[in-house]
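Just below is one structure, and these are the notes that go with it.
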Amino acid sequence: MAKAEPSVTVKVADMDCKRTQEAQKLATDFLRFGEKSEMQLAQALKRHFDAAFGPKWLCVVGAEFGSDVTHRAGDFVFFFVGNLGILLFRAP
């Protein structure tokens with residue numbers, strides 16, 4: 001049985017709305033359908049964005065983490081799905 005739809009909160013977005021929504025949908029679908037690890041979610045998002053938009057995407061997923069990253073302009077989003085933070089960006 002599918003899990004309930006978790007809440008999504010965007011904290012910072014330097015990415016067009018369509019790709020931001022795509023990342024959110026991929027993450028929520030991934031978490032809703034099955035018990036998978038944070039690493040598997042990070043890998044799935046990175047691989048999808050590499051294939052769809054070109055290489056050098058990086059993804060960090062976790063309930064608690066800090067970050068200080070340099071990203072390509074227009075290719076950064078940080079959002080939460082429930083209490084799980086997701087940082088997705090393309091390296092310069």
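With the first letter of the sequence shown counted as 1, position 60 gets the number 60 in full-length UniProt numbering; the numbers rise by one all the way through. Ideal placement from N, C-alpha and C gives every residue a C-beta, glycine not left out.
Using CA coordinates, which residue listed in L26, K56, G85 and M39 is at the minimum distance from R72? Nearest of L26, K56, G85 and M39 to R72, Cα basis: K56.
Can the beta-carbon of L45 be found less than 7 Å from the beta-carbon of A63? The answer is no: Cβ separation not under 7 Å.
Span of the beta strand (DSSP E) holding D50? Element bounds for D50: not the beta strand (DSSP E) but the alpha helix (DSSP H), E38 to F53.
Using three-state DSSP, classify D29 as helix, strand or coil. DSSP, read as helix, strand or coil, puts D29 in helix.
From D16, K11, T9 and S7, residue whose alpha carbon lies closest to that of G74: Taking G74 as reference, the option from D16, K11, T9 and S7 with the minimal CA-CA separation is D16.
Let me know the secondary structure DSSP gives K18 once reduced to three states. K18: helix per DSSP, three-state reduction.
Where A73 falls: helix, strand or coil (DSSP): DSSP places A73 in coil when its eight states are reduced to three.
Where the beta strand (DSSP E) through G62 begins and ends: Unbroken beta strand (DSSP E) run through G62: W57 to G62.
If we call anything under 7 Å between Cβ atoms a contact, is A23 one with L88? One thing to note: A23 has its Cβ within 7 Å of the Cβ of L88.
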